[in-house]
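In what follows, a structure is listed as structure tokens, so that the remarks can point back to it.
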Amino acid sequence: RVLQPTQHELCYTALLEIFSELRALGHKPIVVLSDELVAAPEPMLRTICTALNIPWDPAMLSWPAGPKPYDGVWAPWWYAGTHKS
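For the sequence shown, the positions run 1 to 85 when our numbering is used.
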């Protein structure tokens, strides 16, 4: 049986604190909704690049398949689909 994670375990509380602190400092935090990124990756990445003032690169949309040395110990669980792409 898998227990449902709490809001705290999902880090939503910490994310809200970071978001609120950035707003209090006069910054406009970037919020990326994963379903929007999946549905329209190029326009979403272009928007993010513009907001961060970094250049757009089409290479952001592709990568060599398979695991990477920097994936970390959780890679088999987190990146199984990515490794196949």
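C-beta atoms are modelled at their ideal positions from N, C-alpha and C, and glycine is treated no differently.
- The way I'd put it, the region 47 to 54 doesn't touch the region 64 to 80; fewer than three beta-carbon pairs between them come closer than 8 Å.
- Judged by DSSP in its simplified three-state form, Y79 adopts coil rather than helix or strand.
- If you look at R23, you'll find it in the alpha helix (DSSP H) that goes 12 to 24.
- Between S85 and A65, the CB-CB gap stays under 8 Å.
- For E9, no alpha helix (DSSP H) encloses it, and the DSSP letter there is neither H nor E.
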